[in-house]
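Chemist: Got a structure for you, questions after.
There are 4 protein chains.
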Amino acid sequence: MLDKVKPETSIEAVVEQFHSVRALTESLCEHLDVEDYNLQAMPETSPVKWHLAHTSWFFETFILKPFQTGFEPFDRDFEYLFNSYYNAVGAQFPRPRRHLLSRPTVSQVEQYRHSVTQAVIKLIKQSEQHLEQILALVILGINHEQQHQELLLTDLKYNLFQNPVLPCYRNSHSSKSNTKQKTELSKHQWVEFEPGLCQIGQDVGDGVDSKFAFDNESPKHKHYLEAFQLGSRLVTNGEFIEFMDDGGYCRADLWLSDGWVTKNEQDWSSPLYWFKDGDTWYHYTLNGVTKLCMDEPVSHVSFYEADAHATWKGARLPTEQEWERVALEYSLEGNFLEAQHFAPSLSKRKRLVEQLYGELWQWTSSSYSPYPGYQILPGAVGEYNGKFMANQYVLRGGSCVSSREHLRASYRNFFYPDARWQFSGIRLAKNL
Amino acid sequence: MLDKVKPETSIEAVVEQFHSVRALTESLCEHLDVEDYNLQAMPETSPVKWHLAHTSWFFETFILKPFQTGFEPFDRDFEYLFNSYYNAVGAQFPRPRRHLLSRPTVSQVEQYRHSVTQAVIKLIKQSEQHLEQILALVILGINHEQQHQELLLTDLKYNLFQNPVLPCYRNSHSSKSNTKQKTELSKHQWVEFEPGLCQIGQDVGDGVDSKFAFDNESPKHKHYLEAFQLGSRLVTNGEFIEFMDDGGYCRADLWLSDGWVTKNEQDWSSPLYWFKDGDTWYHYTLNGVTKLCMDEPVSHVSFYEADAHATWKGARLPTEQEWERVALEYSLEGNFLEAQHFAPSLSKRKRLVEQLYGELWQWTSSSYSPYPGYQILPGAVGEYNGKFMANQYVLRGGSCVSSREHLRASYRNFFYPDARWQFSGIRLAKNL
Amino acid sequence: MLDKVKPETSIEAVVEQFHSVRALTESLCEHLDVEDYNLQAMPETSPVKWHLAHTSWFFETFILKPFQTGFEPFDRDFEYLFNSYYNAVGAQFPRPRRHLLSRPTVSQVEQYRHSVTQAVIKLIKQSEQHLEQILALVILGINHEQQHQELLLTDLKYNLFQNPVLPCYRNSHSSKSNTKQKTELSKHQWVEFEPGLCQIGQDVGDGVDSKFAFDNESPKHKHYLEAFQLGSRLVTNGEFIEFMDDGGYCRADLWLSDGWVTKNEQDWSSPLYWFKDGDTWYHYTLNGVTKLCMDEPVSHVSFYEADAHATWKGARLPTEQEWERVALEYSLEGNFLEAQHFAPSLSKRKRLVEQLYGELWQWTSSSYSPYPGYQILPGAVGEYNGKFMANQYVLRGGSCVSSREHLRASYRNFFYPDARWQFSGIRLAKNL
Amino acid sequence: MLDKVKPETSIEAVVEQFHSVRALTESLCEHLDVEDYNLQAMPETSPVKWHLAHTSWFFETFILKPFQTGFEPFDRDFEYLFNSYYNAVGAQFPRPRRHLLSRPTVSQVEQYRHSVTQAVIKLIKQSEQHLEQILALVILGINHEQQHQELLLTDLKYNLFQNPVLPCYRNSHSSKSNTKQKTELSKHQWVEFEPGLCQIGQDVGDGVDSKFAFDNESPKHKHYLEAFQLGSRLVTNGEFIEFMDDGGYCRADLWLSDGWVTKNEQDWSSPLYWFKDGDTWYHYTLNGVTKLCMDEPVSHVSFYEADAHATWKGARLPTEQEWERVALEYSLEGNFLEAQHFAPSLSKRKRLVEQLYGELWQWTSSSYSPYPGYQILPGAVGEYNGKFMANQYVLRGGSCVSSREHLRASYRNFFYPDARWQFSGIRLAKNL
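Chains as they are written, first to last, in the UniProt record's numbering: chain A, 1 to 432; chain B, 1 to 432; chain C, 1 to 432; chain D, 1 to 432.
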């Protein structure tokens, strides 16, 4: 992750990407009211303002502070206020209370962003001594900010949803989706894969043309896979409703024990954001409330719901290695943040296995754990991934609110098995 | 409370008072940033924006809706969103989640306020048939809004305090207080009162010159008081520190059992808003952080702390009847909201018993309960007071953030015994 | 409470009473299995074994320890294990965990009881110097043990009830009650009382013929009562079912705000111990499950339910002073522990106001607070009552599991308003 | 697991084993007082009496009920009371409330055990038609009861420990341990293993000489292992104290994020059961309180503590596959329940890798999940293992309170990562 950037990586290219990522983040907030920036309905979600500040804090703390001559923080309080979880940097303002920070104001945070953006660019252009190290950290920061772009939208969706007036984030959806509805849904098929040893993961910087990868994707290693089948596309809303209509939420035999307890405690009877009016199902999206399209992939389900659905179907979730082995055969195509669609779309079958990237994060049956030979990085950035390798489950593929350039076959996302506010969906697998 | 308004009450006077109370509420928000309007650090506090909307909802629901011809609500969602606790009106958006309402925006709520204000004035001026009933309700609404002016400031103080940068609400304090510090504190003395039957409470509308009173102050009734002594002024910060220095927060023998449990659970070791830097005590006020003035009355203590301090002093808290019996002998003078001082000030001894009104609400030992003969009003306004007559304790006298014209000797405020975010202080009493 | 015992009180009489109270406690456990002694279904209830030990601890700690020459504790650990809440004595084993004490065993606790009983009697017989003080403490201990006899049964009823097999404590009930059912229920009538000053409370030791009283009943003092009406008997099961059938548990307008919240949180829809099979109501009693007798007084209701029922009836609960003023006119008759009936019985109208004593504790509208002039006793026994004078409500009259000789008109019992496991019932009052 | 038992398995051998397992369970309770049978200090632990009844319920429900002609349950209530978590059987009495069942008494449960034992033996001896199926279920029940023997002791240790008098379960320890202390501790060494594909797991009934295995150990499958090193013995108390003395419990950088949160919430600063008196460490064992032996393996640590210790040591925990690959090379020797030592003992180095079996369960880094090709069994027994395959971590090897004959190299135990009351210890691993 933090190895030196190769000479081939031109400084201009990095500056360009840095600029465009910073600008994209800000453009995502264009249509918000000031009041929308501070919502936090549960500790796991952060206010928009906090995301804006924290992504600047990251560049300030890990690049400007150690490398900028005569560094002065934009505001001394920010080190504490906008530290997410880096104990090596210092104490953190408690996450569940982020909504209580009316100050700094949105406008002050915008100034903070601007100031950091300028200072980083200036630093890159003027540095000689530590340039490679700085560029590597800038690339890390860019990837970090891309993650927060997705989180910003995901959290905002959850937070706006708490308001009974159900405010709409954008309205990019309706016109386009009308056309799309006419597309015919591809049939779900089982695609078979041979047993054998395969290569999993990606070494950090293992070649001239090496792409960025997080440390949790390393090292590249061998993994033996038994023969398996993978579903050709994601499970749809219509297919999930069949599960519901068959008593899916009421049959303990379909659920993991912890899932059953969670479902009862949290009183789940459908995916998050769904509600029924008469016989019609609707769901809340970033484009407002829309009638549920039966052919679109089911989204905002927990690992437990994904697992129960798979059990009901006589199938199972894929392991992350199975998913990656298949994904390596396919190019990176899908419905990404860049499309500004902000919602999953249906599968149109152009390839044997469809919807691998974009659309929705796909729950795997793999507990998030270190790969064989994984080493935690030294220092504060070592806290980026390694310390979370317990109790969470790996999701693969990226979603409709992930940047395309942020993703790859080896990318590992991870959330707790009860999480439903992420853009998460279901792909099935089966033993042969 | 809701009896007909006497002919002597001129319509103009009511309109004038209505106008000025609405304007005062809005002026209290003059210096706030938009981000400040939505803070809610605990369920018991409401966001500023919610207070602004709810006080309009009150007029809209109880006056415009029943009496305005062709009534149309400003927004149909508001009936649910801004109902505080009136079950007879309908369901309520859950109180702990008020901070999640980014919409309506501050600007929309300001429009709502303006619209309701205009409509009420128009209704008063044009009504003939129900005029007396309407005027009575307007007066109730005015008193209701005055209560919320105090709550708005009290809640805001608590909510801003959660931010480690400790934002300042106003800065009206510093210059004045410097001068004031030179005033000499009056000595605490025990003032004796004879035993005997006294009159407590105030009938609603019991004469031509009747002032408004809430239903919980009625009916006027006889109460027998044994001889007692009342402290001549409020307990000061300095006196409270003596209690602390004597182990006040560590001695179970001084505390009520529930108080001791609460103190331990909430980890109290000083009044709310206090903190120590080296040997110096500071506290957070609406005017920002200031050094604690030893001669000013101690504020933001719970009933339990007030009771423990009294026990330590070999004294007790007064009953609400003792307090009222004394207050009836004194005119309504003190440090009220109108002074825009936003903090208590020290006692300058001009009268035998000082600081009865304004400054700080004074905890009494009286559990909030119905007076003999009390009748709950019919309909939704009957929920105003009666249903809260359990488990709370009565406070008397008003505070530095209460309107002077809102107060009187018979006025009963009430909070749970663990509440500390109110402007609450301590007056002692003693048996003879 | 702790004043010196008068010469008229013969030592023999005290020893005799001490003996018989200790024996009665033990006889209450006669039919229990060893397994029954350690149940604790909620922190508010204590295991039978703990009651047996704690009542011995009381005599050991407050009498043997200070007065017995060469005192050696029965077991050094017991000072900690069986201290209920006396901070002045020392730390306490946490109340919610009392069920975790398998050791000392029942048999060891029985030895402890025997040892303490013998030692106290020996001390009384041999003491000269501190005899009066010791006798006063023994009388306090006797009254303390009588309170725990009631608690032992009340707690045991609650704890056995958790077992789905619904074990029966005794079967003293069935035959007798069959006969009793034939008795006709007296009609509920309103008995009027004149306004005026009355005497409330009882001084501790205020005369030659003075009976024991707890400190919370003192001092005797004047209280002014407006005219009122008191219900001639307790509210019956049948009358309470009318309230239920009229939607009593579903109408927010009938409930105190805190009561409504509690009812919803705890999901109450009938008194504790009731259940319905088809159209028939049953309830669990210490004599096992029986069909609900409509004419017997309703029991095991909280203050909130009592208050809601009264509101529904257009009435209210009496104040404790109203109750006492009436009770002083009546002799101490009723259905007490001595009858070993262990359940309330119906009113047979022999007197104008019936069922004042025995049967069920009657909720009053009075918050438990110190009487004017009340002084907490010095030392550990001062923790007996005073520190609980907040947030609880006074109940009067005693129940079918109270000893007759433990009760009197001035006796004040107190529990939190949500408590339902006590033998608590409803008497109504009304303004004139 | 439930495949048919081979002809080679003589009926007599099964009956013999059944008999001896049932008798062993009962012998573990020999020295208990009746009061000890019902303790439950946290929901995860069950009372001794419940274990005794539930293991009988298992035979009654899965064998007698379906196969015994004219089956009558011992007590109809038991189906509900002693069902642990089998939803397919029916509802379950809530686990956290098991301590509230004073009835059935210990004596009644002993009768229940006797009755079930006799009936099962009779059924085996008389059956012809379903004999193979019955025998397979008896063997499952035997293994189930062996698991509960360990749980009975593990839970009892935890529950007795809550009592400040720290009751001793047995005193088998002291004399022997004195001798043992003289043994010299073997040096901790890193033993290297080559990379390669290995066989993991055991098919259920895959041969004539097949030993029983649970379904979660199947199917046998290939797994690729990179080269690794395994610690030659378990981590000792002395080594763990080095970690503590180096601030192990205070350094966030050593802990998984969830572990750090848990440690803070539960206020851990040493393994469970440890306490310090002056400079000396003691711990509570089933043999009472003993001085901590520095050379004995550290026990009662959570996965989080095991992981933090490994990180501190520059090592990691082994995967379950690494552990199994090594264990397959060693015979089943160790300190098992049969030794009645009830506590771990020190490593005496007789083999290259020591303490693989017996002593303590060894945390692995493997999340408990289904093996490739795993199929949940149909019916209620399918709930035995599969539904728990989330959020738990695998432990391997067995402990000093496991039966020797219950264990094997492929055996998978599993607990939540915060569990400390199990006999769990630490073995280290390392990348090459």
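Using N, Cα and C, we set each Cβ at its ideal position, and we do this for glycine too.
Work out the CA separation of residue 304 of chain C and residue 272 of chain C for me, nearest whole Å.
Modeler: Looking at the two C-alpha atoms, the distance is approximately 13 Å.
Chemist: Three or more beta-carbon pairs under 8 Å between the stretch 241 to 254 of chain A and the stretch 246 to 261 of chain D, yes or no?
Modeler: No, they do not touch.
Chemist: Tell me residue 277 of chain D's beta-bridge partners as DSSP assigns them.
Modeler: Paired residue(s): D/280.
Chemist: Taking Cβ positions only, does residue 372 of chain D come closer than 8 Å to chain A?
Modeler: It does: the Cβ of residue 372 of chain D has a partner Cβ on chain A nearer than 8 Å.
Chemist: Can you grab the Cα-Cα spacing for the pair residue 279 of chain C / residue 291 of chain C, in whole Å?
Modeler: Rounded to the nearest angstrom, the two C-alpha atoms are 11 Å apart.
Chemist: Taking the C-alpha atoms as reference points, what is the distance between residue 364 of chain D and residue 48 of chain B?
Modeler: Distance between the alpha carbons of residue 364 of chain D and residue 48 of chain B: 53 Å.
Chemist: Give, in chain order, every unbroken run of the alpha helix (DSSP H) that is at least 4 residues long and sits entirely within the UniProt domain "Sulfatase-modifying factor enzyme-like" (188 to 327) of chain A.
Modeler: 237 to 245, 257 to 266, 303 to 312 and 320 to 327, all fully within the UniProt domain "Sulfatase-modifying factor enzyme-like" (188 to 327) of chain A.
Chemist: Report buried or exposed for residue 116 of chain A, applying the criterion of at least 16 other Cβ atoms within 10 angstroms of its Cβ.
Modeler: Buried, by the Cβ-count rule.
Chemist: If I'm right that residue 385 of chain C touches residue 416 of chain C with Cβ under 8 Å, what's the distance once you round it to whole angstroms?
Modeler: Between residue 416 of chain C and residue 385 of chain C the Cβ distance is about 15 Å, and since that is not below 8 Å, they are no contact.
Chemist: Along the stretch 230 to 258 of chain B, what residues have a CB closer than 8 Å to any CB found in chain C?
Modeler: Correct list: 252, 253, 255, 256, 257 and 258.
Chemist: For residue 389 of chain D, decide whether its Cβ has a neighbour in chain A, counting only Cβ atoms nearer than 8 Å.
Modeler: Closer than 8 Å: yes.
Chemist: Assuming residue 18 of chain A and residue 138 of chain A are in contact, meaning their beta carbons sit under 8 Å apart, how far apart are those beta carbons, in whole angstroms?
Modeler: The Cβ separation is near 6 Å, so the contact holds.
Chemist: Taking a Cβ distance cut-off of 8 Å, strictly less, list which residues of the stretch 111 to 127 of chain C are near chain D, in chain order.
Modeler: The stretch 111 to 127 of chain C vs chain D, Cβ under 8 Å: nothing.
Chemist: Would you kindly check if the distance between the Cβ of residue 120 of chain A and the Cβ of residue 64 of chain A is under 8 Å?
Modeler: The answer is yes: Cβ separation under 8 Å.
Chemist: Taking the continuous beta strand (DSSP E) assigned at residue 456 of chain D, which residues delimit it?
Modeler: Residue numbering for chain D in the displayed model covers 1 to 432; residue 456 of chain D lies beyond these limits and cannot be assessed.
Chemist: Which residues of chain D have a Cβ atom closer than 7 Å to the Cβ of residue 226 of chain A, listed in chain order?
Modeler: Near residue 226 of chain A (Cβ distances below 7 Å), the residues of chain D are 221, 372 and 373.
Chemist: Assuming residue 299 of chain B and residue 425 of chain B form a contact by the criterion Cβ under 8 Å, report the distance between their Cβ atoms to the nearest whole angstrom.
Modeler: At roughly 5 Å, the Cβ-Cβ gap stays under 8 Å, so residue 299 of chain B and residue 425 of chain B are in contact.
Chemist: Tell me whether the stretch 315 to 331 of chain D and the stretch 365 to 377 of chain D touch, counting them as touching only if at least three CB pairs, one residue from each stretch, are closer than 8 Å.
Modeler: Verdict: yes, contact present.
Chemist: Would you please verify whether the beta carbon of residue 487 of chain A is less than 8 Å from any beta carbon of chain D?
Modeler: For chain A, the structure presents residues 1 to 432; residue 487 of chain A sits outside this window and is missing.
Chemist: Using a cut-off of 7 Å between C-beta atoms, extract the partners of residue 99 of chain A located in chain B.
Modeler: Correct list: 99.
Chemist: With a CB to CB cut of under 6 Å and the five nearest residues on each side skipped, what residues in its chain are close to residue 312 of chain C?
Modeler: Once the five neighbours on either side are set aside, the close Cβ partners of residue 312 of chain C are 243, 248 and 254.
Chemist: Taking buried to mean at least 16 other C-beta atoms within 10 Å of its own C-beta, is residue 259 of chain B buried or exposed?
Modeler: Answer is buried; the Cβ neighbour count reaches 16.
Chemist: Would you grab the beta carbon distance between residue 86 of chain D and residue 380 of chain D for me? Rounded to a whole angstrom, and I think it's under 8 Å.
Modeler: Indeed, because the Cβ distance is near 5 Å, the residues count as touching under 8 Å.
Chemist: What is the DSSP secondary structure of residue 415 of chain B, reduced to helix, strand or coil?
Modeler: In this structure, residue 415 of chain B counts as strand in the three-state DSSP scheme.
Chemist: When you compare each of C/78, C/125 and C/28 to residue 67 of chain C by their alpha carbons, which one comes out closest?
Modeler: Of C/78, C/125 and C/28, the residue nearest in Cα terms is C/125.
Chemist: Tell me whether the beta-carbon of residue 322 of chain A lies closer than 8 Å to the beta-carbon of residue 429 of chain A.
Modeler: Yes, the pair counts as a contact, with Cβ atoms nearer than the cut-off.
Chemist: Going by Cα to Cα distance, which pick from B/378, B/334, B/307 and B/346 is closest to residue 405 of chain B?
Modeler: Closest by alpha carbon: B/334.
Chemist: Go to residue 395 of chain B, then tell me how far its alpha helix (DSSP H) extends in each direction, as first and last residue.
Modeler: Here residue 395 of chain B belongs to no alpha helix (DSSP H); instead the beta strand (DSSP E) covers 393 to 396.
Chemist: Near residue 162 of chain A, what residues of its chain come up, given a Cβ to Cβ distance below 8 Å and the 5 sequence neighbours on each side ignored?
Modeler: So the qualifying residues of the chain are 39 and 41.
Chemist: Apart from the five residues just before and just after residue 422 of chain B, which ones in its own chain have a Cβ nearer than 7 Å to its Cβ?
Modeler: If we look at residue 422 of chain B and ignore the five residues flanking it on each side, its Cβ neighbours are 154, 361 and 415.
Chemist: Indicate whether residue 232 of chain B and residue 354 of chain B have their beta-carbon atoms separated by less than 8 Å.
Modeler: Against a cut-off of 8 Å, the Cβ pair of residue 354 of chain B and residue 232 of chain B comes out as a contact.
Chemist: Could you give the residue range of the beta strand (DSSP E) that holds residue 430 of chain A?
Modeler: Element bounds for residue 430 of chain A: 429 to 431.
Chemist: Could you say which of A/407, A/307 and A/193 lies nearest to residue 432 of chain A if we only look at CA atoms?
Modeler: Taking only the C-alpha atoms, the option nearest residue 432 of chain A is A/193.
Chemist: So for residue 186 of chain A, helix, strand or coil by DSSP?
Modeler: Looking at residue 186 of chain A - three-state DSSP - the assignment turns out to be coil, as it is neither helix nor strand.
Chemist: Can you pull the chain C neighbours of residue 85 of chain B, defined as C-beta to C-beta under 8 Å?
Modeler: Residues of chain C passing the Cβ test: 257.
Chemist: Can you give the beta carbon distance from residue 410 of chain D to residue 324 of chain D, rounded, assuming they're within the 8 Å contact cut?
Modeler: Their Cβ separation, rounded to whole angstroms, is 6 Å, which keeps residue 410 of chain D and residue 324 of chain D in contact under 8 Å.
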